[in-house]
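Engineer: Quick one: structure below, then a few questions.
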Amino acid sequence: EIREKMDVLDFDDLSAEQIKWLSTPSDRWVLHPNHARCLIWQCVALLAILAECVFLPMDLSFNIKLPEAWYVFFTFVFVIDIGVNFNTGYFRNGLLIMHRKLLTRQYCRSWLVIDVVATVPWELV
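In our numbering, the protein residues as written are 3 to 127.
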């Protein structure tokens, strides 16, 4: 019954049963956003972003290049990050959402396009 009404859920007026259903992972691959593994991954992704913020301007401005393996590594991290984001729950108005359809919809409506555009190695296209 809840699954059928998922498209029209009013997140401000949910029953205890609906809240429990939404906060229970829909499959074993859904990650809790506060889980230690998820937080560690976010730190790895942040370090890759910070490294790109330093090395990309150095490359564009001064033609100082890192070895190619670093660029492959950064791209790999960002591709994996897209997969992790599809599988990570999120909080909406304090409510934990852990169901695949809602996770996918939320990510597609928020960061997916930006992540894909930022991840594609445009110099190879």
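C-beta: ideal position from N, C-alpha, C; glycine also.
(1) By Cβ distance below 6 Å, which residues in the same chain neighbour L83 in space, the five residues on each side in sequence not counted?
(2) Count the other C-beta atoms from every protein chain shown that fall within 10 angstroms of the C-beta of G143, then say buried if there are 16 or more, exposed otherwise.
(3) The alpha helix (DSSP H) with I84 in it runs from where to where?
(4) Relative to the C-alpha of I21, which candidate in S28, F75, I99, V81 has its C-alpha closest?
(5) Rank N89, F57, I66, W124 by C-alpha distance to the C-alpha of Q108 and give the top, closest one.
Structural biologist: Walking through what the data contain:
(1) The sequence as given places Asp at residue 83; Leu does not occur at that position. Beyond the five residues adjoining it in sequence on each side, D83 comes within less than 6 Å, by CB distance, of A47 in the same chain, given in chain order.
(2) One cannot answer for residue 143 here, as it falls past the ends of the chain, which runs 3 to 127.
(3) Where I84 is concerned, the enclosing alpha helix (DSSP H) stretches over 70-88.
(4) When only C-alpha atoms are compared, the closest one is I99.
(5) Shortest Cα-Cα distance from Q108 to any of N89, F57, I66, W124 involves N89.
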